[in-house]
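Residue numbers (our numbering), protein chains in the order written: chain A, 12 to 200; chain B, 26 to 416. Below is one structure, written out as structure tokens; the observations come after it.
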Amino acid sequence: MLEIRIHGRGGQGNVVAAYLLASAAIDGGRYAQAFPAFGAERRGAPVAAFVRIDEQPIRRRCQVREPSFLIVQDPALLEVPGTLAGLQAHGTILVDGAEAKIDDSGDNEIITMPATRLAMEHIGRPVPNTALLAAFITLTELMPLSALLDALAERFKGPVLENNQKLVEAAAATVEAGRWREVANGVSA
Amino acid sequence: MALALEGSQALARTIALCRPQVVAAYPITPQTHIVEGIAKLVADGKLDCEMVSVESEHSAASVALGAAVAGSRAYTASASQGILLMAEVLFDIAGLRVPLVMTCANRALSGPLNIWNDQQDSMAVRDAGWIQLYCATNQEAIDTTVQAFRIAERCELPVMVCVDGFTLTHTLEPLDLPSAEQVDGFLPAYRFHHGLDPADPRSLGTLVAPEHFSEVRHAHHQALMRAQTEIEQADHEWAAVVGRHCGGLLEVRGDAGARLGILTLGSVLGTLEDAMDNDPSLPRARFIKLRSYRPFPAQALRKACEGLDTLIVLERALSPGAGGIVGPEVQTALIEMEAPPRVHNFAAGLGGRDLTLDLYKSLVDAVLGEKRRHGFAIIDVDTTLLPEADR
Numbered sequence: 012m013l014e015i016r017i018h019g020r021g022g023q024g025n026v027v028a029a030y031l032l033a034s035a036a037i038d039g040g041r042y043a044q045a046f047p048a049f050g051a052e053r054r055g056a057p058v059a060a061f062v063r064i065d066e067q068p069i070r071r072r073c074q075v076r077e078p079s080f081l082i083v084q085d086p087a088l089l090e091v092p093g094t095l096a097g098l099q100a101h102g103t104i105l106v107d108g109a110e111a112k113i114d115d116s117g118d119n120e121i122i123t124m125p126a127t128r129l130a131m132e133h134i135g136r137p138v139p140n141t142a143l144l145a146a147f148i149t150l151t152e153l154m155p156l157s158a159l160l161d162a163l164a165e166r167f168k169g170p171v172l173e174n175n176q177k178l179v180e181a182a183a184a185t186v187e188a189g190r191w192r193e194v195a196n197g198v199s200a
Numbered sequence: 026m027a028l029a030l031e032g033s034q035a036l037a038r039t040i041a042l043c044r045p046q047v048v049a050a051y052p053i054t055p056q057t058h059i060v061e062g063i064a065k066l067v068a069d070g071k072l073d074c075e076m077v078s079v080e081s082e083h084s085a086a087s088v089a090l091g092a093a094v095a096g097s098r099a100y101t102a103s104a105s106q107g108i109l110l111m112a113e114v115l116f117d118i119a120g121l122r123v124p125l126v127m128t129c130a131n132r133a134l135s136g137p138l139n140i141w142n143d144q145q146d147s148m149a150v151r152d153a154g155w156i157q158l159y160c161a162t163n164q165e166a167i168d169t170t171v172q173a174f175r176i177a178e179r180c181e182l183p184v185m186v187c188v189d190g191f192t193l194t195h196t197l198e199p200l201d202l203p204s205a206e207q208v209d210g211f212l213p214a215y216r217f218h219h220g221l222d223p224a225d226p227r228s229l230g231t232l233v234a235p236e237h238f239s240e241v242r243h244a245h246h247q248a249l250m251r252a253q254t255e256i257e258q259a260d261h262e263w264a265a266v267v268g269r270h271c272g273g274l275l276e277v278r279g280d281a282g283a284r285l286g287i288l289t290l291g292s293v294l295g296t297l298e299d300a301m302d303n304d305p306s307l308p309r310a311r312f313i314k315l316r317s318y319r320p321f322p323a324q325a326l327r328k329a330c331e332g333l334d335t336l337i338v339l340e341r342a343l344s345p346g347a348g349g350i351v352g353p354e355v356q357t358a359l360i361e362m363e364a365p366p367r368v369h370n371f372a373a374g375l376g377g378r379d380l381t382l383d384l385y386k387s388l389v390d391a392v393l394g395e396k397r398r399h400g401f402a403i404i405d406v407d408t409t410l411l412p413e414a415d416r
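Okay, here's the thing in structure tokens:
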């Protein structure tokens, strides 16, 4: 079972990101589960959402405590206690930031990509979730990028959908395809 | 084909498939997405239904009551404080034996304020005279909701479908929705035969004097007890339609030969099952999923407990000053067994505290370990956070 935890701030589309990722996995024929850890939701407050993906039906409904991947929508959250808690030894971190970079100096590789900047360019809103998902799917090759585009097409249409599609392509181009394939395969096998 | 759906969205679509003619609701977390979803289906012209936005839960239940008595298939939903505000009307609905269905998106009660999941709200109206069915998964919530209309209408009793807030309502997962044909075939058009009709005027709910009140209560109690048959039959017949069943009154799972049993209500079951299966070094358990809490299936429960030495009753609420709510009822039911298991009673996961995989081991340790506990306890309480006197 693959377990992913998404950290962000209220208003950044954490839950939507979790739902999109799980939907894309389910539409691809796998089992998946996504749910939020609701706090007192308000814009700006640290929030988390969870995704599980498996080949078998998923029975557990506890929060994800030992994820293989963290997706972090605001780099400042890396300093907030709890964000890195339980990340597996082989786990990796994808984070929004000013520019694309790879930090493999620590135990867990951290890849930064400019999700908010790309979102501003393509959809005119500082919402990093879709760009981060596109990068995450590209890094892990958990599913074809088209699965994310299909999941987006279920939620949006017209110019909004077209802009999101361009955003997905731009975001995917900022990271190395398949770089985290082994991490993803290692835990889902 | 399984669709990727949030539990609440799936429930909204399921309720629409049941073709309610009147839905009255007041939004409250974590029920909101359900009634929002229904309102959108009505606004989009996909459901021909009168959606009544009311000013309170008391009114939501009152409108649903009135609509059902006037001959409509009616539905409402609430949670937590909303259930409490409805309480007066919930007793009326049941006492008048009015068939309608509501979803309780289970949530803790104030105070202190807490928006998260436990089951104190539906337990608070345990004695209202409603049928209460608890769902372990979102798929069960879908299938139970369809069955609930059939049960309500055949028994002429209201049915509360209890769905853990957030844990189920806000979880997206692959879910099978029945087709309109399947639901239509299962739920034929219905007219409440005690309903109000200008062509045949009568009164409902008027003063009942001491000469008859006990008989009214007795008949209501008997009707609920009889409903056990209909609950099992509805599940059986729906399974013939969709190929899935929810366990009838209760379902025995896990290791049938185990001497240790764990009884649960609601969505914690899957986590416990995973925890047991993931660690072969842990003692095995037979799980009893109590689906029908009202009516309370004492006979089925005794059968499910045969061969057990120890039974843990795990609940998501408590009766402060006494202990558990479900536990003592289970113990009473099991007294009639020749060799009843020793019953241990714990609450856990109050106010949304995460029910982790470790819960299984802490339950097992609490009843089989050297530090065996006696009496009721909130098993995941952290007493170090409390002043000495409260530990």
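All C-beta atoms, glycine included, are put in the ideal place defined by N, C-alpha and C.
query	result
Whether B:A342 touches B:Q157 by CB criterion (7 Å)	no
Where B:N142 falls, given that 16 or more other Cβ within 10 Å makes a residue buried	buried
Where B:P203 falls: helix, strand or coil (DSSP)	coil
Any chain A beta carbon closer than 7 Å to B:E497	Only positions 26 to 416 of chain B appear in the structure, and residue 497 of chain B is not among them; the question remains open.
Neighbour-count burial assignment, B:A130, 16 or more Cβ in a 10 Å radius	buried
Residues near B:V150 by beta carbon distance below 7 Å, same chain, minus five either side	I108, A112 and L115
Reduced DSSP secondary structure (H/G/I, E/B, other) of B:S97	coil
Separation of A:E173 from A:D161, as counted between CA atoms	12 Å
Residue-chain proximity (B:S292, chain A), Cβ-Cβ < 7 Å	yes
DSSP three-state assignment for A:N140, whether helix, strand or coil	helix
Distance between A:I113 and A:R190 (C-alpha atoms, nearest Å)	11 Å
Contacting positions in the region 175–197 of chain B - beta carbon closer than 7 Å to chain A	F191, T192, H195, T196 and L197
B:K314 and B:A161 closer than 7 Å at C-beta	yes
Whole-Å CB distance - A:A146 paired with A:L105, under 8 Å assumed	6 Å
Residue environment, B:T409, which counts as buried when at least 16 other CB atoms sit within 10 Å	exposed
Other residues of its chain near B:M76: CB distance less than 7 Å, five sequence neighbours each side excluded	V48, I63, A64 and V67
Length of the line joining the Cα atoms of B:L382 and B:M301	9 Å
Beta bridge counterpart(s) of B:M185 as assigned by DSSP	B:M127 and B:Q157
Chain D contact residues for B:A27, given Cβ-Cβ distances below 7 Å	No chain D appears in the structure shown, which is made up of the protein chains A and B.
Contacts of B:T39 in chain A (Cβ-Cβ under 9 Å)	Ordered by position in chain A, no residue passes the 9 Å Cβ test against B:T39, which lies about 18 Å from the chain.
Length of the line joining the Cα atoms of B:T39 and B:V171	7 Å
Cβ pair B:L333, B:G286 closer than 7 Å	yes
Chain A within 7 Å of B:D379, Cβ atoms only	yes
B:R398 classed as buried or exposed, judged by whether at least 16 other C-beta atoms fall within 10 angstroms	exposed
B:D390 Cβ short of 6 Å to the ligand COA heavy atom set	Of the ligands one can find in the structure shown there are none, so the ligand COA has no counterpart to examine.
B:A37, DSSP secondary structure in three states	helix
Sub-7 Å separation of B:L297 and B:Y215 beta-carbons	no
Bridge-paired residues (DSSP) for B:A49	B:V77
Distance between A:E120 and A:G21 (C-alpha atoms, nearest Å)	26 Å
Buried/exposed call for B:E257, threshold 16 Cβ in 10 Å	buried
Chain-ordered neighbours of B:R295 on chain A, where CB pairs are closer than 7 Å	The amino acid occupying residue 295 of chain B in the given sequence is Gly; Arg does not appear at that position. Result: R70, R71 and R72.
Counted within 10 angstroms of its Cβ, other Cβ atoms place A:L163 as buried (16 or more) or exposed	buried
Supposed close pair A:T103, A:V194 - CB separation, criterion 8 Å	6 Å
A:S79 at chain B interface by Cβ criterion, 7 Å	no
Exposure label - B:E31; buried when at least 16 CB within 10 Å	buried
Start-end ranges of the alpha helix (DSSP H) lying completely within the region 309–371 of chain B, minimum 4 residues	323–329 and 351–359
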